[in-house]
Structure formats: structure tokens, C-alpha cells
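Data block below; observations after.
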Amino acid sequence: MVGSAARKFMRNWYAVEVQLFSYFLISEPQNLLTSTLLQAIPLYAVIGITVGGAGWYLARLAQGPSVVWTKSNPTPWNSVKPDENIKMMDPSGKFAKRFVISVYMVERLDAPQPTFPLPPLADVPDEDVDKADDAKRVTTSFGPADATLPNIPAVVFGAASFSAFYNDDDHIRGITPLRTTRLALRYVCVSHLVIRRSDGMVYEHRYDIRAFDTAPFYGPSEIVLGNALKALKNEFPRSSYQLFTKCGRFGDTRDTFDYTPRGVRASVERSLARLHTTYLDTVYLHDVEFIAAPKAPRTSGDHRTALGVEADAYGLGEGCEAVVCGAGDREVLEAIGELRRLQDEGVVRRVGISGYPLPTLLRLAILVKHTAPYTPLDVVMSYCHLNLQNRTLLDFKTAFERRAGVKHVLTASPLSMRLLMPSNPPTWHPASEAIKEAIKRVVQVTKRPDGESGLPELALEYAFQKAKEVGIPTVVGLGSLKDVHENARIWYAVDKRGLGENEEWKQRVQGVLDEEGGLLDHSWENPRFSK
């Protein structure tokens, strides 16, 4: 075929040009240049367009940013704009076509959703490690005495672990998330109802004490969790657990936040589809500090002064309750209004906000309460503010309840997003270098006789104990069967005996942090847009 094409080219193009060139050279040399150029135009045009087009494409491709999916860049799709040229690569440096679908899975609500197929449940291992220890079940829940909705379990399954923030692609696409979800469901129960069906089958129905926390921002988390729960629906029907998700945030840039009523509704509808449910127990407006008007004398440090001498500077003074500080506050109110409409429709049961800085969360919660026609928020969640390094949520809880009328206050990440671990925290971790260095000293202080660090276990014990004392549910990331067993064991130990002998270790750790420039109860810099 190649030879045939070459012959055609020589006959129809090359040979003609040579003959024309020879003719004019011999008979009419004065017309040689003009005539040759005129006759060669088709040939030069085709070659020119081909070479020019290829050069333009290669130059454009070379200018596109390289986007690599790694643990240090867990959500590369978040900063990719529609129609932006990119080079999506895996950590090995090879182009990865399988990531093409994932590029838009977070940012575009109308995009086709990636799938994470699971094998038949009968083919999934169900071994001793998949069984709960009946003696260590979590049987505690928290909530107001006059609540019309079920209480929230003391330990909530954090499904951010089903994302590239904490695990690699193979882990997420495998069966570990399904087995982890099943084990967590088996570990947590309060009451049992034995139901005998007409066909003679008997099964236990466990109510109101299981909960999972996820978000669209956590990449495929909603999809992976939803698929696992769907596969387990015969053993654990929808009424046997609670689902918490979020809306409004899909990335790290301003244009990847959507607090419009239309965006909020679209996000909730997509979450319903991903999680295979007709209702959501709780929906938070995600990371409100990015959108809310800034109102604080400082963006890092110990913010407990917002509850006292610096209340006015944080917008928390008397008479500031209904003050809208800027356009961002109005966006938050509009989004809350849409969530309330979804609540009226029976799609959402609790409405809340989540984020990092406690003064901002408190100010907005008070604003919602004092702005007609809104009603007080049902729930507020802050992360990394009830752990060995930072305990300030304990001080803010009463203000949330009394000043803002919030029914449930939750804490997330007792390990402070893996900061309180012997290994280095993720590269994306927002803590200051001073805090990270102080934690390295803490790791040495908490070494056990066998040389291993006892910091993670001590941190979980402390967080669970303090949360239990004041009735705050704790969202903790569970990415493996080992995580579930360990957290259940530690919760059980705390529930039965408190910190016990580890009280002394806790004091040592917090002593180190206090000595390191007052880093105990120090909140790191408030999160900001990446661009």
C-alpha cells in the first residue's frame, strides 16, 4: 500500500512539477519563476498547512500544565477548567488515559460519573478479620433531649479515606472500602429488632446509630461509599444508618465553589444519586470560611479570645448578631435557604455548616439564627479542634448551643489529618512548620519501650475521652479493616475506664507543645483559595 501511494505521488505531483520546470527552463526561461510558483501552489499549500498545524498543536500541548495525581496532589481535577489543555499523568510519569473521566467528576455537576464496579457480594471475603468483636461495639450516641431526629453516634465513619487524600487509586478501586464499610456497620449498634419475615427468614434490624461522613470535594468518596452501601443493603437497609455529606465546595479555587441555590440543589441531587438514597440525614455547607466575609483580627493563633476580650473584633460582640459583613455572608445565607427548602421537601433532614476556624463558624451560626426567615442551624462541624494539639472546640461548644441555638456540634479528625502520627504528615497539610517540628518532638516523647511511638493511640484516646465528656460526636477516617478494629478497641477502652494511666502521657505531650512557643491550642492559618 505504501509503495502504491508513493507511485501516485510521483505521478501526480512530483513528476508534473519536474516536467513543468524542465519545459519552462528550455523554452521560456523568462516565465520560469512565475509559472513554476503558480503550478506548485497546491503542493506547497498542503505541506504548509500540515507542518504548520502540527507545529501549533505540539506548541499548545507543551504549554499545557502537567497534572500528576499523587498523595501530595490528591485532587488534580479540582484546578482544571473546562476546555483547558492538560497533560494528565500518573506518578510514574506516564500519560494516564483512565484519569480523563475523573478530571471533571468534581467540578462539573452534569458530567458523566466514573464507576467503581464491585464483584458479587458472595465473592467478597468474609473472614474472621471481617467480623466485629461483640464485646467492643460502640453503643453511645449524642443529641439534645428534645430531638425529633435520631441521635448521632459517638464515632462517625469518615469516608474521606475513600479518596486520594489518604489512599491510592488501587485501594479505592478495590474491595477494601466495601469490607471496611461492612465491618464498621457490624461494629456499631445500639438497639436490635428481630424481624421474622413471612418466608421464615430472620434478620436483625439495627437502628439510628451508624453514620458516614463524605463530601463531593473528597473525589470519588461518595461514589465508592454509595456502591458499598448498595451492595450491603440486604444486611443493612437504609434505615439502619445515617448519611452526612456536604455541598458548595468542589475544589481549591474561587470558581470551584458554588453556593448559589441552583448549585446547592444540583449538588444535593447528585449526592442522592451517588449514595443510592432518597434522603440525606445531614448536609453541610462545606468550608464556609472561604466564602464568608473575613472578620477577624488575626487568621492564626489561639482564637479563644473571640469569646471574650476580642469578641467585637471577630464580629461576635453584643449587637453584632444580625450584621452581614459582606457579599460572602449573603451567599452563605442564600445557600442555607436552599438547604432549608430541600429540608421542607424531605430530601435533607439536618442542615448545617462545616469548616476550620471556630470564630467564623460561630459568627455565621449566630447570623443565621438572627436573620429572618432563617431558623437556627441543626448542626455545625469543625475539624482539627478537639485533639492533643488543639482543644479549643471545648470552649466554643457552649457558645454554639446557647448563642446560636445549634443542636449538634461535631468534631472531625482526632489525629489532625495525620499530623499526630510518627510519620510525616501529608505534604498538603496546612499546619505551620513550627507545629510540624513540635510534633516530631512529641513523637520522641511518646515512644514506648519497644521503640514504637504511642502517639496515634494516645491521640485517639484523648480525643474520644474529651468528646465523650461533653457529648460531641467524632468523625474519624477509617480506610481499612485494621482502622475499624483499632478505633473500636480504643473507644471501648475509653468508654470503660477513661484515659487511666495515659493521663500522664497526655500531660507530657501537651507540655511539649506549650513549651514550643505556645503551640498548644494554636490554630494554623485559615484556609484560602489556591488562586
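To convert, note that position 446 of the sequence shown is 446 in UniProt numbering; the numbers rise steadily by one, no gaps. The C-beta atom is built at its ideal place from N, Cα and C for all residues, glycine as well.
- Message: Just to confirm before moving on: does the CB-CB distance between Ile472 and Val409 stay below 8 Å?
- Response: Numbered from 1 along the sequence shown, position 472 holds the residue referred to as residue 472. Numbered from 1 along the sequence shown, position 409 holds the residue referred to as residue 409. Yes. Within cutoff.
- Looking only at DSSP bridge pairs, what is Cys247 linked to? Sequence index remark: in the sequence shown, residue 247 carries index 247 (1-based). BP columns for Cys247 point to Leu285.
- Message: Tell me the rounded alpha-carbon separation between Leu458 and Trp505.
- Response: For this step, residue 458 is matched to residue 458 along the sequence shown. For this step, residue 505 is matched to residue 505 along the sequence shown. Roughly 8 Å between the two C-alpha positions.
- Reducing DSSP to helix, strand and coil, say where Ala399 ends up. For the purposes of this step, residue 399 is taken as the residue at position 399 of the sequence shown. Helix, per DSSP.
- Does the Cβ of Arg363 have 16 or more other Cβ atoms within 10 Å, making it buried, or fewer, making it exposed? Along the sequence shown, read from residue 1 onward, the residue named residue 363 stands at position 363. Buried: at least 16 other Cβ atoms inside 10 Å.
- Item | Distance, Glu331 Cα to residue 535 Cα | Nothing about residue 535 can be reported from this structure: the residues present for the chain run from 1 to 531 only.
- Exposure of Ile435, with buried meaning 16 or more beta-carbon neighbours within 10 Å: Locating residue 435 in the sequence shown gives position 435, counting from the first residue. Ile435 is buried by the Cβ-count criterion.
- Query: Which residue or residues does DSSP assign as beta-bridge partners of Ser480?
  - Reply: The count along the sequence shown starts at 1 and reaches residue 480 at position 480. Answer by DSSP bridge pairing: none, since Ser480 is not bridged.
- Message: Which runs of the beta strand (DSSP E) at least 3 residues long sit entirely within the stretch 420-462? Give them in chain order.
- Response: Look at the stretch 420-462 and you find no whole run of beta strand (DSSP E) that is 3 residues long or longer.
- Which one or two residues does DSSP pair with Arg350 in a beta bridge? On the sequence shown, position 350 is the one that residue 350 refers to. DSSP lists Thr282 as partners of Arg350.
- Below 8 Å between beta carbons: does that hold for Tyr314 and Ala306? Your numbering for residue 314 matches position 314 in the sequence shown. Your numbering for residue 306 matches position 306 in the sequence shown. Against a cut-off of 8 Å, the Cβ pair of Ala306 and Tyr314 comes out as a contact.
- Ser300 versus Pro359 - alpha carbon distance: Looking up residue 300 in the sequence shown gives position 300. Looking up residue 359 in the sequence shown gives position 359. Straight through space, the alpha carbons of Pro359 and Ser300 are spaced by roughly 11 Å.
- Item | Three or more C-beta pairs below 8 Å linking the stretch 256-267 and the stretch 226-239 | Contact between the stretch 256-267 and the stretch 226-239 is absent, because fewer than three Cβ pairs lie under 8 Å.
- Identified DSSP bridge partners for Thr411: Here residue 411 refers to the residue found at position 411 when the sequence shown is read from its first residue. Note: Thr411 is bridge-paired with Ser382 and Thr474 in the DSSP secondary-structure output.
- Going by CA-CA distance only, name the one from Val288, Leu280, Ser161 and Pro144 that's closest to Leu361. The sequence position of residue 361 within the sequence shown is 361, counting from 1. Across the set Val288, Leu280, Ser161 and Pro144, the C-alpha of Val288 shows the shortest separation from the C-alpha of Leu361.
- For Val268, which of helix, strand or coil comes out of DSSP? Here residue 268 is taken as the residue at index 268 of the sequence shown, counted from 1. Note: Val268 maps to helix in three-state DSSP.
- Identify every residue that forms a DSSP beta bridge with Gly301. Within the sequence shown, residue 301 is the residue found at index 301, counting from 1. When DSSP reads this structure, Gly301 sits in a beta bridge with Ser523.
- Run the CB neighbour count on Asp450, radius 10 Å, all protein chains shown included, and call it buried at 16 or more, exposed below. In the sequence shown, the residue the question calls residue 450 occupies position 450. Answer is exposed; the Cβ neighbour count stays below 16.
- Message: Can you check which of these residues, Pro114, Asp302, Phe400 and Pro120, is closest to Gln389 by C-alpha distance?
- Response: Working through the sequence shown from its first residue, we reach residue 389 at position 389. Taking Gln389 as reference, the option from Pro114, Asp302, Phe400 and Pro120 with the minimal CA-CA separation is Asp302.
- Item | From Asn387, Val406, Tyr383 and Ile439, residue whose alpha carbon lies closest to that of Ala160 | For the purposes of this step, residue 160 is taken as residue 160 along the sequence shown, with counting starting at 1. The candidate whose alpha carbon is nearest that of Ala160 is Tyr383.
- What is the DSSP secondary structure of Ile152, reduced to helix, strand or coil? For the purposes of this step, residue 152 is identified with residue 152 of the sequence shown, where counting begins at 1. Collapsing the DSSP output to three states places Ile152 in a strand.
- Item | Reference Val348; option with closest CA among Pro422, Ile336 and Tyr356 | Translated into positions along the sequence shown, residue 348 becomes position 348. Answer by Cα proximity: Ile336.
- Reducing DSSP to helix, strand and coil, say where Asp110 ends up. What you label residue 110 is simply residue 110 of the sequence shown in a count that begins at 1. Here DSSP, grouped into helix, strand and coil, assigns Asp110 to coil.
- Item | Rounded separation between Leu377 and Ser163 - CA only | By one-based count along the sequence shown, residue 377 stands at place 377. By one-based count along the sequence shown, residue 163 stands at place 163. For Leu377 and Ser163, the distance between alpha carbons rounds to 28 Å.
- Would you decide whether Trp524 is buried or exposed? Buried here means 16 or more other CB atoms lie within 10 Å of its CB. Position 524 of the sequence shown, counted from the first residue, corresponds to residue 524. Buried, because 16 or more other Cβ atoms sit within 10 Å of the Cβ of Trp524.
- Task: Evaluate Pro120 with the Cβ neighbour count: other Cβ atoms within 10 Å of its Cβ, from every protein chain shown; 16 or more gives buried, anything less gives exposed.
- Result: Start at 1 with the first residue of the sequence shown, and residue 120 comes out as number 120. So Pro120 counts as exposed.
- Buried/exposed call for Arg350, threshold 16 Cβ in 10 Å: As a position in the sequence shown, residue 350 is number 350, starting the count at 1. By the 10 Å Cβ count, Arg350 comes out buried.
- Where Gln389 sits in the DSSP three-state scheme: To locate residue 389, count along the sequence shown from 1; it is residue 389. For Gln389, the secondary structure class from DSSP, reduced to helix, strand or coil, is coil.
- Cβ pair Tyr279, Ile353 closer than 8 Å: Here residue 279 is taken as the residue at index 279 of the sequence shown, counted from 1. Here residue 353 is taken as the residue at index 353 of the sequence shown, counted from 1. Not a contact, by the Cβ cut-off of 8 Å.
- Query: Apart from the five residues on each side of it in sequence, which residues of its chain come closer than 6 Å, Cβ to Cβ, to Leu415?
  - Reply: Taking the sequence shown and counting its residues from 1, one reaches residue 415 at position 415. Result list for Leu415: Ala459, in chain order.
- Task: Please report the Cβ distance between Phe116 and Pro220, rounded to the nearest whole angstrom; I am assuming they are in contact, meaning their Cβ atoms lie under 8 Å.
- Result: Position 116 of the sequence shown holds residue 116. Position 220 of the sequence shown holds residue 220. Contact holds; Cβ gap of about 7 Å.
- Query: Which term fits Val521, buried or exposed, when burial requires 16 or more other beta carbons within 10 angstroms of its beta carbon?
  - Reply: Within the sequence shown, residue 521 is the residue found at index 521, counting from 1. For clarity, residue 521 is Asp in the given sequence; the question names Val instead. Flag for Asp521 reads buried.
- Query: What's the call for Glu469, buried or exposed, on a 16-neighbour Cβ count within 10 Å?
  - Reply: Residue 469 sits at position 469 when you count from the first residue of the sequence shown. The residue is exposed, with fewer than 16 neighbouring Cβ atoms inside 10 Å.
- Message: With H, G and I counted as helix, E and B as strand and the rest as coil, what does DSSP make of Phe116?
- Response: The residue you call residue 116 lines up with position 116 of the sequence shown. Coil.
- Are the stretch 179-188 and the stretch 128-141 in contact at 8 Å, needing three or more beta carbon pairs? The stretch 179-188, when compared against the stretch 128-141, does touch it at the 8 Å Cβ threshold.
- Task: Would you kindly check if the distance between the Cβ of Gln465 and the Cβ of Leu499 is under 8 Å?
- Result: Against the sequence shown, residue 499 aligns to sequence position 499. Against the sequence shown, residue 465 aligns to sequence position 465. In contact: Leu499 and Gln465 (Cβ atoms closer than 8 Å).
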